[in-house]
Amino acid sequence: MALVESNPFEIGTSAPAFSLLNVVTGQTDHLTELKGVNGTVIMFICNHCPFVIHVNEELIKLANDYHSKGINFIAISSNDLVNYPQDGPAQMKTNALSLRYPFPYLYDETQEIAKAYNAACTPDFYIFNPELKSTYHGQLDDSRPGNNTPVTGIDIRNTIDALLYDITIEAFQKPSIGCSIKWK
Numbered sequence: 452m453a454l455v456e457s458n459p460f461e462i463g464t465s466a467p468a469f470s471l472l473n474v475v476t477g478q479t480d481h482l483t484e485l486k487g488v489n490g491t492v493i494m495f496i497c498n499h500c501p502f503v504i505h506v507n508e509e510l511i512k513l514a515n516d517y518h519s520k521g522i523n524f525i526a527i528s529s530n531d532l533v534n535y536p537q538d539g540p541a542q543m544k545t546n547a548l549s550l551r552y553p554f555p556y557l558y559d560e561t562q563e564i565a566k567a568y569n570a571a572c573t574p575d576f577y578i579f580n581p582e583l584k585s586t587y588h589g590q591l592d593d594s595r596p597g598n599n600t601p602v603t604g605i606d607i608r609n610t611i612d613a614l615l616y617d618i619t620i621e622a623f624q625k626p627s628i629g630c631s632i633k634w635k
């Protein structure tokens, strides 16, 4: 399992728009319809990555904790379906329903959205303010599979809280680390 760090994504950058298949509903979802009133967290994840599996429970908890505060979470999988069929829409739907994801799980079949976000790994996290300007791109926390550090989501929680309470967001943001996006 090769470790890949997230690529740079400049703070203040507008969120690239998208219209992607929601694997649970079968409908096309649009960023403008999914964004939160007070902020939006976009996560590039997939089904098979051990780094995503390691943090899934915390992703669900975060989304549930912050939804009532106007922060919406959106998950996107961009992995190549041909070489990684376990990350295809049917399996994504099964995974989302099994884990009870409280956020939409979208499939980026063309991988154009991952490229627009300069996404590199799973998981890869982006936080945007109400105007969809980037305020954070980095890790969930310091936990990794096998390092015995508890999964807390502290880096994401601190950034969302700063966004909600108009506190200066930490300038230094540690990159996320995970499996590479499986490019076609």
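Throughout, the numbering used here is defined as the position within the sequence shown, counted from one, plus 451.
All C-beta atoms, glycine included, are put in the ideal place defined by N, C-alpha and C.
Only a predicted model underlies this, so the values are computations on that prediction, with no experimental measurement involved.
Taken in chain order, the unbroken stretches of beta strand (DSSP E) that lie wholly in the segment 512–593 and span 3 residues or more are 522–528, 556–558, 575–579 and 585–589. For S631, the CB contacts under 7 Å within the same chain, skipping 5 residues up- and downstream, are A453, V455, A571 and C572 in chain order. For N609, the enclosing alpha helix (DSSP H) covers residues I605 to L615. By the Cβ rule, the segment 517–533 counts as touching the segment 602–621, because three or more pairs are nearer than 8 Å. Per DSSP, reduced to three states, the secondary structure at H481 is strand. A Cβ-Cβ distance of about 6 Å is found for the pair L472 and L557, placing them in contact under the 8 Å criterion.
Rounded to the nearest angstrom, the gap between the Cα atoms of P626 and Q478 is 32 Å.
Here DSSP, grouped into helix, strand and coil, assigns N489 to coil. Annotation: T610 to I527 spans about 20 Å, alpha carbon to alpha carbon. Membership of S470 in the beta strand (DSSP E) is indicated by the continuous run S470 to N473.
Here the alpha carbon of R551 sits roughly 23 Å from the alpha carbon of F469. In summary, A567 is exposed, with fewer than 16 beta-carbon neighbours lying within 10 Å of its beta-carbon over all protein chains present.
Annotated as proximal: G629 and F502, with beta-carbon spacing under 7 Å.
As the crow flies, the alpha-carbon of P555 is around 12 Å from that of N546.
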